[in-house]
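Residue numbers (the numbering used here): 5 to 122.
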């Protein structure tokens, strides 16, 4: 049976990352809407989007390439989270959902990419 991208656990968890990023960035100061908020949201949305696109392209080589792009977007988001933790240290935002889900997504993407290489 062929699976679609929606059946992939990594895609499902990546969607949770997107929702958590939107929830968090809704609390950021409004002057960040075109800065860190926008950057974090774009990076987060890129993760499941690239997983989906790679899966639907049909070939293992393409899927691996898009998994790598998704992983790079996850690393970009991880960096932006670190930056936001530093900038908004006094605000004590809750990053737990993002941190937990993003680590899981990155581990799964790393494993899938390794498997695709073999």
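In this text, a Cβ means the ideal position worked out from N, Cα and C, and glycines have one as well.
Nearest to residue i by CA position, among the options, is which residue?
i, options, result
"residue 117", "47, 40, 69 and 97", "69"
"residue 60", "8, 85 and 25", "8"
"residue 44", "73, 12, 15 and 86", "86"
"residue 76", "36, 47, 28 and 115", "47"
Below 7 Å CB to CB, which residues in the same chain sit around residue i once its five sequence neighbours on both sides are set aside?
i, result
"residue 82", "106"
"residue 120", "64, 67, 68 and 71"
"residue 78", "51, 106, 109, 110 and 113"
According to DSSP, is residue i part of a helix, a strand, or is it coil?
i, result
"residue 117", "helix"
"residue 104", "helix"
Could you spell out where the alpha helix (DSSP H) holding residue i opens and where it closes?
i, result
"residue 45", "40-61"
"residue 18", "13-29"
"residue 65", "64-91"
Under 8 Å Cβ to Cβ from residue i, same chain only, skipping five residues before and after it: list those, please.
i, result
"residue 29", "36, 40, 41, 44 and 45"
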